[in-house]
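The next block holds one structure in the form of structure tokens; read it before the comments.
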Amino acid sequence: MAHVRIAEQIEKRLASGIVLVAAEDNAEQSEQNEKKLQLFVLLVTLRVLEKSGALEACSKDTMIHHAARLVHKILDGLKLKIKKKYFLDMNKSKKVAKRVLKDLIQKFDGHVQYLLLLEKLEVEADVVQSFQVHIQRYCDQLAKGRYHPIFIRLYIIVLSQCVAMLAVVMSIIGSLLFF
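So the mapping is simple: the working numbering equals the position in the sequence shown, first residue as 1, plus 29.
Structure below.
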């Protein structure tokens, strides 16, 4: 997928000096959370750029430059207090991106495609703030336990067992049909 290759190139350009305010003492866990957050912010940013039409408006190198710049500024302003290990669902980045884009369209009266690529301080500050508000809101919901990882894991376990049982039933039915 093109997003993965672009994401890898942007990740190389991101500065590693972004610090999360973590309540945990475990540095490794904090580093993993930071990487997950960087990836989540990157996915949200790429989806907003794609849905706004900004990707078609510039070359690949220019887009990588703008995306890396936006991601760095978005991460720089996020200060998350993480009480426990949290689970960022990368699929939720679509919903967050949709909310960010809706907010930007309202702020800029629909002229978002080229405004995302501008490096004017006033415009960029509004764009970055919109990203930060919606990403922060999603992470706060995670911290409150709205998207608790235990429930997600439980759902996956139950779903996988249902699929396994369905496979057994289908194989029994198939063997009965051939005899």
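All C-beta atoms, glycine included, are put in the ideal place defined by N, C-alpha and C.
query	result
For the stretch 90-98 against the stretch 131-138, do three or more pairs of beta-carbon atoms, one drawn from each stretch, fall closer than 8 Å, so that the two count as touching?	no
Applying the criterion that 16 or more other CB atoms from any shown protein chain within 10 Å of the CB defines a buried residue, is Ile164 buried or exposed?	buried
With Lys149 as the anchor, note down where its alpha helix (DSSP H) starts and where it stops.	Note, Lys149: premise wrong, no alpha helix (DSSP H); not H, not E.
Which word fits Thr74, buried or exposed, when buried means at least 16 other C-beta atoms lie within 10 angstroms of its C-beta?	buried
Classify Ala196: buried if its beta carbon has 16 or more other beta carbons within 10 angstroms, exposed otherwise.	exposed
On the three-state DSSP scale, how would you describe Ala51?	Only weak support is given to the placement of Ala51: the predicted model assigns it a pLDDT of 40, under 50, and the question is left unresolved by the model.
Would the beta-carbon of Leu146 fall within 7 Å of that of Ala83?	yes
Take the Cβ of Ser189 as the centre, count every other Cβ of all protein chains shown within 10 Å, and call the residue buried at 16 or more, exposed below.	exposed
Quick one, which of Leu68, Gln67, Ser200 and Glu85 has its alpha-carbon nearest Gln142's?	Glu85
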